[in-house]
Amino acid sequence: MINKIFIGIKSIPYYILGNILAACTYDKKYLKGKYFSGKFRGLGKIGWRWVVSDCLSRIIFGINRGVPFPVSPKISISNPRNIHFHVDDLNNFQGFGNYYQAAGGGNIIIGKGCWIAPNVGLITTNHDIKNPSKHAQAKDIKLGENCWIGMNSVILPGVTIGPNTTVGAGSVVTKSYPEGFCVIAGNPAKVIKRL
Numbered sequence: 007m008i009n010k011i012f013i014g015i016k017s018i019p020y021y022i023l024g025n026i027l028a029a030c031t032y033d034k035k036y037l038k039g040k041y042f043s044g045k046f047r048g049l050g051k052i053g054w055r056w057v058v059s060d061c062l063s064r065i066i067f068g069i070n071r072g073v074p075f076p077v078s079p080k081i082s083i084s085n086p087r088n089i090h091f092h093v094d095d096l097n098n099f100q101g102f103g104n105y106y107q108a109a110g111g112g113n114i115i116i117g118k119g120c121w122i123a124p125n126v127g128l129i130t131t132n133h134d135i136k137n138p139s140k141h142a143q144a145k146d147i148k149l150g151e152n153c154w155i156g157m158n159s160v161i162l163p164g165v166t167i168g169p170n171t172t173v174g175a176g177s178v179v180t181k182s183y184p185e186g187f188c189v190i191a192g193n194p195a196k197v198i199k200r201l
């Protein structure tokens, strides 16, 4: 009981500062859900720490300005308005090394309950192989519900991954697996196990 009280008291500065900073930085729809709500209006929830960390890096270093939700300064996001996810999956933007590139009009759609490990790249467009100074046409990336994308994986433009799919660490996913319920791995990734 004493430990819970100590954690609650220690969280008060994050809660207060987080609420002040969030009011002028984020779209309010992202400040709901399991990382911000709970007893005492979410006091002690980790979401407020994410807000403080993110806002300080935006103010001091200009990192990830314009992103309408809290994101780690160690993650790169392009065209955040084209990234769609459930607010309870905000944890996918709090790690390090991830690259969410929703450029050229392409969308990244992340199904509810997905887990995305560090150093994962989701890219909606590549450079044109005939002229690297230009980009190829963008294509959406869609992840079904309850997927697990392993560390150092890359999901290429136009890929759809069905629900309950695990992508092995270090994989390069070049084609779609919309049926889901499988484990895919390798370069290029292929099904190695059905669930």
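Counting in my numbering, the sequence shown runs without a single skipped number right up to 201 at its last residue.
Glycine included, every Cβ here is placed at the ideal spot set by N, Cα and C.
Distance, residue j Cα to residue i Cα
i    : j    : result
A191 : G53  : 32 Å
N193 : G110 : 25 Å
Q143 : V178 : 19 Å
H141 : Q107 : 12 Å
I115 : P184 : 13 Å
P86  : V197 : 30 Å
S84  : F75  : 13 Å
K199 : T180 : 18 Å
W56  : L96  : 10 Å
W154 : V73  : 24 Å
I65  : L201 : 46 Å
K35  : F42  : 11 Å
Other residues of its chain near residue i: CB distance less than 6 Å, five sequence neighbours each side excluded
i    : result
G117 : L149, G150, E151
L128 : Y106, I114, I147, I161
L37  : A28
N88  : A108, N113
T166 : K148, S182, P184
Cβ-based burial, residue i [other Cβ within 10 Å; buried from 16]
i    : result
F67  : exposed
P138 : exposed
M182 : Inspection of the sequence shows that residue 182 is occupied by Ser rather than by Met. Burial call: exposed.
G44  : exposed
D134 : exposed
F12  : Here F12 scores only 38 on pLDDT, less than 50, and its place in the model should not be relied on; the value that follows carries that caveat. Exposed, because fewer than 16 other Cβ atoms sit within 10 Å of the Cβ of F12.
Contacting residues, own chain, Cβ-Cβ under 7 Å from residue i (five flanking each side not counted)
i    : result
P124 : G101, F102, G103, N104, M157
One or two residues paired with residue i in a DSSP bridge
i    : result
I129 : Q107
G192 : A195
W154 : W121, T172
H141 : H133
L149 : I116, I167
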